[in-house]
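K.L.:
I have a structure here, written as structure tokens, and I will follow up with some questions on it.
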Amino acid sequence: MINYIQNKKNGIRIIPFGGLGEIGKNMMAIEVDKEIFIIDCGIGFPGQQVTDIDFYIPDFSYLVENVERIKAILVTHGHEDHIGAIPYLIKNMGLPIYASSLTNGLIRVKLKEHGLAAETELNDIEPGVPIKIGNVEIEFFRVCHSIPDAMGISIKTPLGKIIHTGDFKIDHTPVDGKPTNFQ
């Protein structure tokens, strides 16, 4: 479950919490030299045969145990399977969130429902503009999806770049006129 690349000074760990081999519960952590960056934090949906559960969330125990190492939550887009579990993770943690303006607007609504909006730092990002968080450089880039302002994420580390596309589709004529950045 945990992939680990290490040399004498630098290490990278990619830890999936959900969304691989299943629909929903999209979430992973990228550890770079002991700094943790969370990508997405979604809910999962039970199958039709389950009638008494509305949704389920990832197991956050590793993140709760390592909260002092978490630098940010990076969000690709505003679908529930990518943002729905954020209020359950950030309660009493004070984690900054980075996402597009539209995605942050959707997150803000969820945070208000849980009484967490005032205490949560939401940072609007612009695609193609690198930002430094901790010891890495992060750049969001446009992708086409069924929701506007969907983004992929590039994380530049001492060992190379990690590219996380998020959900995307190939669409050369998107309705909003903003095609996927294949550069």
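Quick note: the sequence shown uses the working numbering, first residue 514, plus one each step. Glycine is no exception: its CB is placed at the ideal position from the N, C-alpha and C atoms.
I'd like to confirm the pairing. Which residues does DSSP put opposite Ser667 in its beta bridges?
P.N.:
Its beta-bridge partners are Glu652 and Ile676.
K.L.:
With a threshold of 7 angstroms on Cβ separation, who are the neighbours of Phe568 within its own chain once the five nearest residues in sequence on each side are excluded?
P.N.:
Excluding sequence neighbours, Phe568 sits near Ile556, Gly557, Phe558 and Gly597.
K.L.:
When you compare only the Cα positions, how much space is there between Lys645 and Gln562?
P.N.:
Using only the alpha carbons, I get a separation of about 45 angstroms.
K.L.:
In the DSSP assignment, what residue or residues form a beta bridge with Arg636?
P.N.:
Position check: residue 636 holds Asn in this sequence, whereas Arg was assumed. Bridge partners of Asn636: Tyr611.
K.L.:
Under 8 angstroms by Cβ, that's how I've got Ile660 and Ser667 pegged, so tell me the actual separation to the nearest angstrom.
P.N.:
Actually they do not touch by this definition, with Cβ atoms about 20 angstroms apart.
K.L.:
Look at the alpha carbon of Ala542 and the alpha carbon of Thr670, and state the distance between them as a whole number of angstroms.
P.N.:
Cα to Cα, Ala542 sits roughly 14 angstroms from Thr670.
K.L.:
Is His590 closer than 7 angstroms to Ala663 when the C-beta atoms are compared?
P.N.:
A contact, by the Cβ cut-off of 7 angstroms.
K.L.:
Figure out for me which residue from Lys625, Asp553 and Glu634 has the closest Cα to the Cα of Thr678.
P.N.:
Here the closest residue by C-alpha is Asp553.
K.L.:
Given this structure, state the Cα-to-Cα distance separating Glu535 from Glu632, to the nearest angstrom.
P.N.:
Answer to the nearest angstrom: the Cα atoms are 32 angstroms apart.
K.L.:
In terms of residues, what are the limits of the beta strand (DSSP E) holding Leu587?
P.N.:
Its beta strand (DSSP E) spans residues Ile583 to Leu587.
K.L.:
Please list the terminal residues of the continuous alpha helix (DSSP H) segment that includes Val545.
P.N.:
Counting along the chain, Val545 falls outside any alpha helix (DSSP H), though it belongs to the beta strand (DSSP E) covering Met540 to Val545.
K.L.:
Who are the near neighbours of Leu615 in its chain, counting only those whose CB is closer than 7 angstroms to its CB and skipping five residues on each side?
P.N.:
Gly591, Pro661 and Asp662, listed in sequence order.
K.L.:
What three-state label does DSSP hand Lys645 in the structure shown?
P.N.:
If DSSP states are grouped into helix, strand and coil, Lys645 belongs with the strands.
K.L.:
Can you tell me whether DSSP reads Glu535 as helix, strand or coil?
P.N.:
In this structure, Glu535 counts as coil in the three-state DSSP scheme.
K.L.:
Do you know offhand how far Lys625's Cα is from Leu619's?
P.N.:
So the two alpha carbons sit approximately 10 angstroms from each other.
K.L.:
Using the beta-carbon count (16 or more within 10 Å), is Pro643 buried or exposed?
P.N.:
By the 10 Å Cβ count, Pro643 comes out exposed.
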